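Enquirer: Everything in the sequence shown is counted per the numbering used here, starting at 495 for the first residue and increasing by one.
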Amino acid sequence: MIYQAGKYPVLEAILHTSATPGDWWRGKSGEDVLKAFWDWHVNDNGWRKVGYHRVVMPDGEVLHDQRYLRSLYEVGAHVAERNRGTVGICMVPVKTVDRMGEFSDFYTMAQKMAVREYLKDLKGLTDLKWVTGHNDYANKLCPGFKVKTGDWL
495 MIYQAGKYPV LEAILHTSAT PGDWWRGKSG EDVLKAFWDW HVNDNGWRKV GYHRVVMPDG
555 EVLHDQRYLR SLYEVGAHVA ERNRGTVGIC MVPVKTVDRM GEFSDFYTMA QKMAVREYLK
615 DLKGLTDLKW VTGHNDYANK LCPGFKVKTG DWL
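Below, the structure is given as structure tokens:
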């Protein structure tokens with residue numbers, strides 16, 4: 495079982511969009527993307543690290559560099575009042591998320607497979623019970639589709 499801050503069991507993963515334009519990621523390495531997130535989260539907001547635990551690129555690469563991202567044992571900063579005991583997974587869209595739609599409207603099959611595989615691995619480490627979207631807890635489009643646990647676990 496994974497506990498954040500030594501006391502909050504990780505039971506849920508929350509999916510997010512980076513809210514970047516659909517072609518924003520082109521020509522960027524994973525580190526370039528993480529540095530941009532660092533600018534937004536740390537330099538602009540004053541946080542100590544990027545609020546997410548993982549970032550999933552359009553090619554399915556799962557970024558986890560803890561110089562930038564939270565470790566699974568750290569409380570994230572990705573959903574107001576819902577950070578303890580959750581893992582924040584941010585996906586970089588290939589089309590701008592400008593409405594509610596389907597996963598495939600904004601993301602790649604490589605991302606879907608990578609997130610599913612990552613969640614399978616995470617479930618092997620902790621008692622993961624739910625996969626939700628940021629829009630389940632806030633009046634936001636993020637991640638651009640309705641997340642259903644059964645589609646991911």
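Where a beta carbon is used, it is the ideal one built from N, C-alpha and C, also for glycine. Computed from a predicted model, the values in this text were never measured in an experiment.
Based on the DSSP output, what are the partners of phenylalanine 600 in its beta bridges?
Expert: None, per the DSSP bridge assignment.
Enquirer: When burial is assigned at 16 or more other CB atoms within 10 Å of the CB, is lysine 623 buried or exposed?
Expert: It counts as exposed.
Enquirer: Is it buried or exposed, glycine 618, if we count other Cβ atoms within 10 angstroms and call 16 or more buried?
Expert: Looking at its Cβ environment, which holds fewer than 16 other Cβ atoms inside 10 Å, glycine 618 is exposed.
Enquirer: Measure the Cβ-Cβ separation of histidine 628 and valine 573 and say whether it is below 8 Å.
Expert: Yes.
Enquirer: Take valine 556 and list the residues in its own chain whose beta-carbon comes closer than 6 Å to its own, dropping the five residues that flank it on each side.
Expert: Excluding positions up to five away in sequence, the list reads Arg548, Val550, Ala608 and Tyr612.
Enquirer: Counting beta carbon pairs with one atom in the stretch 634-642 and one in the stretch 505-514, are three or more of them shorter than 8 Å?
Expert: Enough Cβ pairs lie closer than 8 Å, so yes.
Enquirer: Starting from isoleucine 583, follow its DSSP beta bridges and name the residues at the other end.
Expert: Isoleucine 583 is bridged to Leu509 and Arg548.
Enquirer: Can you round the beta-carbon distance between glycine 570 and threonine 580 to whole angstroms, since I take them to be within the 8 Å contact cut?
Expert: Indeed, because the Cβ distance is near 6 Å, the residues count as touching under 8 Å.
Enquirer: Please work out which residues of its chain come closer than 8 Å, Cβ to Cβ, to threonine 602, disregarding the five sequence neighbours upstream and downstream, and give them in chain order.
Expert: Closer than 8 Å at Cβ, skipping near neighbours: Pro552, Asp553, Gly554 and Val588.
Enquirer: With burial defined as no fewer than 16 other Cβ atoms inside 10 Å of the residue's Cβ, what is the status of tyrosine 546: buried or exposed?
Expert: So tyrosine 546 counts as buried.
Enquirer: What is the DSSP secondary structure of glutamine 498, counted as helix, strand or coil?
Expert: Three-state result, glutamine 498: strand.
Enquirer: Can you name the residues that DSSP bridges to glycine 595?
Expert: DSSP output for glycine 595 lists Phe639 as bridge partner(s).
Enquirer: Would tyrosine 631 pass as a contact of arginine 578 if the rule is Cβ separation under 8 Å?
Expert: Against a cut-off of 8 Å, the Cβ pair of arginine 578 and tyrosine 631 comes out as no contact.
Enquirer: Expressed to the nearest angstrom, what Euclidean distance is found between the alpha-carbon atoms of leucine 505 and aspartate 526?
Expert: Whole-angstrom Cα-Cα distance: 30 Å.
Enquirer: Just verifying my parser: in three-state terms, what is the DSSP assignment at glycine 627?
Expert: It is a strand residue.
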